[in-house]
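Here's the structure we're looking at; comments come further down.
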Amino acid sequence: MSPEGLAFLALGAVAVGTALAALLVRELVHTIIWIATFFVALAGIYFLLEASFLGILQLGVYAGAVTILLLFGIMVTRRRIFSREAATGLSLHSLAIALLVVVLLAAVASDLAGGSNHTTIHSYAVVDLSTTLFGPYGGWLLLLGLVMLSALSGAIYLVREGRE
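If you count by my numbering, then the sequence shown holds residues 4 to 167, one letter each, in order.
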């Protein structure tokens, strides 16, 4: 097997493992850390598939901004979020729904794999796509990310123990 195939299998295993860990862990902050790790593994898969623009967006938007937004929201709304009393967990309902979704996705994937409806993939220029998406506002988006990072730092300062 090629190194790319091994890397794909490793990143896929990390993605599935971290997704399961995010569901099974009992602390909310740990769930967010597992979700962030899942987002990074998914970005790695995008890079392996030579979709670097999607990989960078995945890292910037999901692994970066969404994770910070979740942590910021938790720290602002609940003071004792790092304690054991904020435990979450899986119920039998959620496991049954997850199993149903997996079965449906497997059925759809096997149906798509058996068909001969292959579409051709057209290439695009990444520079044209990024110019269309961001235009002249790319620098402002970077500045917005820095503002979000400073807001997260401020939230950490406000909710840390022993500040009174």
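Ideal placement from N, C-alpha and C gives every residue a C-beta, glycine not left out.
As the structure is a computational prediction, the values presented were derived from the model and not from experiment.
Excluding five sequence positions before and after residue 5, none of the CB atoms of its chain fall closer than 7 Å to its own CB.
Residue 60 sits away from residue 151, with the two beta carbons spaced by 9 Å or more.
Taken through DSSP and simplified to helix, strand or coil, residue 30 comes out as strand. Judged by beta-carbon spacing, residue 34 lies beyond the 9 Å limit of residue 44, meaning their Cβ atoms are not closer than that value.
If you draw a straight line from the Cα of residue 138 to the Cα of residue 112, it comes to about 37 Å.
Non-local beta-carbon contacts of residue 22 in its own chain, meaning distances under 7 Å to residues more than five positions away in sequence, involve 41 in chain order. Annotation for residue 114: no residue places its beta carbon closer than 7 Å to its own, counting only its chain and skipping 5 residues before and after. In the three-state reduction of the DSSP assignment, residue 126 falls in the coil class, being assigned neither a helical nor a strand state.
In the three-state scheme derived from DSSP, where H, G and I count as helix and E and B as strand, residue 24 is classed as helix. Taking a cut-off of 8 Å for Cβ pairs, the region 97–111 and the region 63–78 do not touch, as fewer than three such pairs fall below it. Excluding residues up to 5 positions away in sequence, 55, 57, 58 and 61 lie with their Cβ nearer than 8 Å to the Cβ of residue 49 in the same chain.
Where residue 149 is concerned, the enclosing alpha helix (DSSP H) starts and stops at 141–162.
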